[in-house]
Every structure is written in structure tokens, then in C-alpha cells.
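What follows is a set of notes on a single structure, which appears directly below.
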Amino acid sequence: MKLGMYGLGRMGGNMAIRLARHGHEVVLLNRTRAVSEKVHAEAPKSAIADNLEELVASLPSPKIIWVMLPSGDVTEKAIETLGNMLSKGDIVIDGGNTCYKDDVRRAKILHAKGIHYVDVGTSGGVWGLERGYCMMYGGNQEAVDHIDPILDSLAPGMGDIPRTKNRGSNLNPRAEKGYLHCGPAGSGHFVKMVHNGIEYGMMQAYAEGFDIMRMKGSDRLPEEQRFDLNMADIAEVWRRGSVIPSWLLDLCADALAVDGDLSKFQGDVADTGEGRWTIEAAIEEAVPAPVITAALFTRFRSRSGNTYAEKMLSAMRFGFGGHVEKK
């Protein structure tokens, strides 16, 4: 299929390359042309557009444009502009970290013009080029059916993960391949939002656990109760047959193998919105979410003085998403 990819950052660029490797024709657009040229060099059957007008004109109908920009005003303006440029039957995809309420509003506006809107919650970080991207998406059936070959190429596929026991034929087979139509517009980003809220809690639990073990050697403890524990070895042994393995633990092990003190990290842990939105949804639904809430508040506190636990959080964020601490 032929589509436009608008925004070629850490994830957008890799997604364009993965699509091109799977035989899709991708027209690239980025604010900086040098970035487009870099992606173009690695993406067979790709082309470069210098502006939105050129991108839209280069695509056949129905036109498919995947927007992969930072959430907020820049994405809002891009989709508003596309809404005035596209025609009935065309498809706009937002694959960034957008609040699902904005998706619902945008989809309604575009629907009035006959334009389809699909929201794709995308997980996979900087590793997605090779591993594939786990995607949760929302939109009407006609639109998501049309772009299915694109989503299938981006998804990780079955891989070597064992199939879930007793999974019935009535369940969506795409879920086993790593992508799922969750419902109408907004539902994809809602599910991804909750995914990230859970991620906050899991990361916090790992971070606190390693901090507790590291402090076991403190001179504030009786000498006979002090242990000099090797964090890298503990992370590694937990990866092998324990009940708490995960990709996040893999990232902990990677970081600790390089530097057990995590000295290159300050521990100023940012939050990009999804944790807050998850807690807001929990409040609206009167659902208790103490773990996710505490994890978010800890990130707030981390910006006024740091612990080893917060350095571990930074190490995990850098590991899966390339997130660099902001001073």
C-alpha cells in the first residue's frame, strides 16, 4: 500500500523503514528534510515530500496519512490542516500519545467531512523496527479493514511466544499477532493510556525493589544485617525462571550490567501524560488506582532530589524509548 508518514522521530522514522521493508510505498515528511533523507536512505520504495500539500498530492485515493508527531498543539494543528485538505473516504491515522478525548472530538469533526479517523496506541519504543510494534487502535470498521495490511506489517506477529491455553476461536486472531481493533475512535488510545499507567506501576515496583536491596549495605543497619548485594547479578537471576520477568526487567539487567551505580542517570523522571490521563479516567469511573497514582506522584517528587530508585526509572525509560532526562 502507499501512505504518507508525517513525523519521523524516534518511532515514526523506524515505522516508515519497517513498512518500506515490508513492501509498502511510504512518502516521508518531516520538519527537517535531513531527517527525511536519513530515513529515505534506509527505506526502499520511499519518497520525500517537502510539505503537506506535496505529501497529499503524491498519494492515491483513498489517501492514507499516518501522523506521528508529539501530542498537543503540533498534532492538533496537523490534523486540522489535513481535515481541510483531504476528501471523502481518505484516512487520517494518529499514532502518537494523544488523549482519547481528543480522538473522539477529532473523529466527529472529520466524520462530518466524510474523512475517516483512526487512533493507534503504539508500543514498542526504539526497538520496534526489529521487534515490531504492539498496536491498539480505534476507528470505524471500513477504515481499519482498509489499513489492515499496514498494521499487519508493523505488528510483531506470532513470534515464539507460546499461544494462550484455551483461547477460543471467537476471539480476535489479530491480538495474537500484536495488534487489535479495540472499538470506535478513541478506544485505541484509551487502551494504550491504561497500558502506560500500568507501566508506571511496574517500573516503580522494580525501582523500589532494587533501591531496598542496594540500601541493605547501609551503615545505618546493624553490621551483622548488612548485605553487599550485586544488583546486576540479581536482575539477571530474576530473568531466569522467576515469577517477575518482563521486558522492563530485561532493561534493568542491561543497564546494571554496564554500571551498577547507574551513574550516568540523574533520576529526574518525566511523565508524558498517559499516567495522568489514566488516573483522571479512574477518578471519573470511581475506580481505585493507588499503585498508578503513587507511581505518578513519585515521578513528580523525583524532580526535586533523586534516589537510586529514580535512577533506575530513568534507565528503564531510556532503554525502551530512548527518553533522555531533561535538566
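Counting from 1106, one number per residue, gives the positions in the sequence shown under my numbering.
By construction, the Cβ of each residue, glycine as well, lies at the ideal position given by its N, Cα and C atoms.
Please read all numbers here as calculations on a predicted model, not as lab measurements.
- Annotation: the stretch 1234 to 1309 contains the following complete segments of the alpha helix (DSSP H) (minimum length 4 residues), in chain order: 1246 to 1251 and 1253 to 1259.
- Contact between Asp1316 and Ala1414 holds: their C-beta atoms lie close to 4 Å from each other, under 8 Å.
- A direct Cα-Cα distance of roughly 47 Å separates Lys1282 from Ser1323.
- Between Ile1397 and Gly1410, the C-beta spacing is not below 8 Å.
- Under the 8 Å Cβ criterion, the stretch 1118 to 1131 counts as touching the stretch 1142 to 1152, having at least three qualifying pairs.
- Taking C-beta separations shorter than 6 Å and ignoring five residues to either side along the sequence, the partners of Asn1301 in its chain run Glu1379, following chain order.
- Shown here, Glu1130 sits in a strand according to DSSP, grouped into three states.
- Here the stretch 1235 to 1246 lies against the stretch 1273 to 1293, with 3 or more beta-carbon pairs under 8 Å apart.
- Assignment of beta-bridge partners to Trp1232 by DSSP yields no partner.
- With 16 or more other Cβ atoms inside 10 Å of its own Cβ, Phe1370 counts as buried.
- The three-state secondary structure of Val1348, taken from DSSP, is coil.
- About 7 Å separates the Cβ atoms of Lys1297 and Ser1228, confirming a contact at the 8 Å cut-off.
- Nearest to Leu1174 by alpha-carbon distance, out of Pro1261, Ala1154, Lys1168 and Ile1184, is Ile1184.
- DSSP, read as helix, strand or coil, puts Val1392 in coil.
- Here the alpha carbon of Ile1388 sits roughly 21 Å from the alpha carbon of Gln1309.
- Excluding sequence positions up to five before and after Leu1361, its CB lies within less than 6 Å of the CB of Met1336, Ala1337 and Ala1340, all in the same chain and listed in chain order.
- Of the residues Glu1159, Tyr1222, Leu1164 and Ser1176, the one whose Cα lies closest to the Cα of Gly1188 is Tyr1222.
- The three-state secondary structure of His1221, taken from DSSP, is strand.
- Counting every other CB atom within 10 Å of its CB across the protein chains shown gives Ala1400 a total of 16 or more, marking it as buried.
- By the Cβ test, the stretch 1193 to 1213 is in contact with the stretch 1155 to 1172, since at least three Cβ pairs between them sit closer than 8 Å.
- Separation of the CB atoms of Ser1274 and Met1307 is rounded to 31 Å, and the pair is thereby denied contact status at 8 Å.
- For Arg1408, the pairing in a beta bridge is given by DSSP as Gly1410.
- If you ignore the 5 residues before and after Met1320, its C-beta comes within less than 8 Å of the C-beta of Tyr1413, all in its own chain and listed in chain order.
- Annotation for Ala1152: the continuous beta strand (DSSP E) segment containing it runs Ser1151 to Ile1153.
- Around the beta carbon of Ile1266, fewer than 16 other beta carbons lie within 10 angstroms, which makes this residue exposed.
- The DSSP-derived three-state label of Val1429 is coil.
- For Cys1287, the closest C-alpha among the options Arg1272, Asp1250 and Glu1313 is that of Asp1250.
- For Tyr1284, the closest alpha carbon among the candidates Tyr1238, Asn1271, Glu1304 and Arg1115 is that of Tyr1238.
- Under the three-state reduction of DSSP, Val1197 is assigned to strand.
- Gly1380 carries a helical assignment under DSSP once its states are collapsed to helix, strand and coil.
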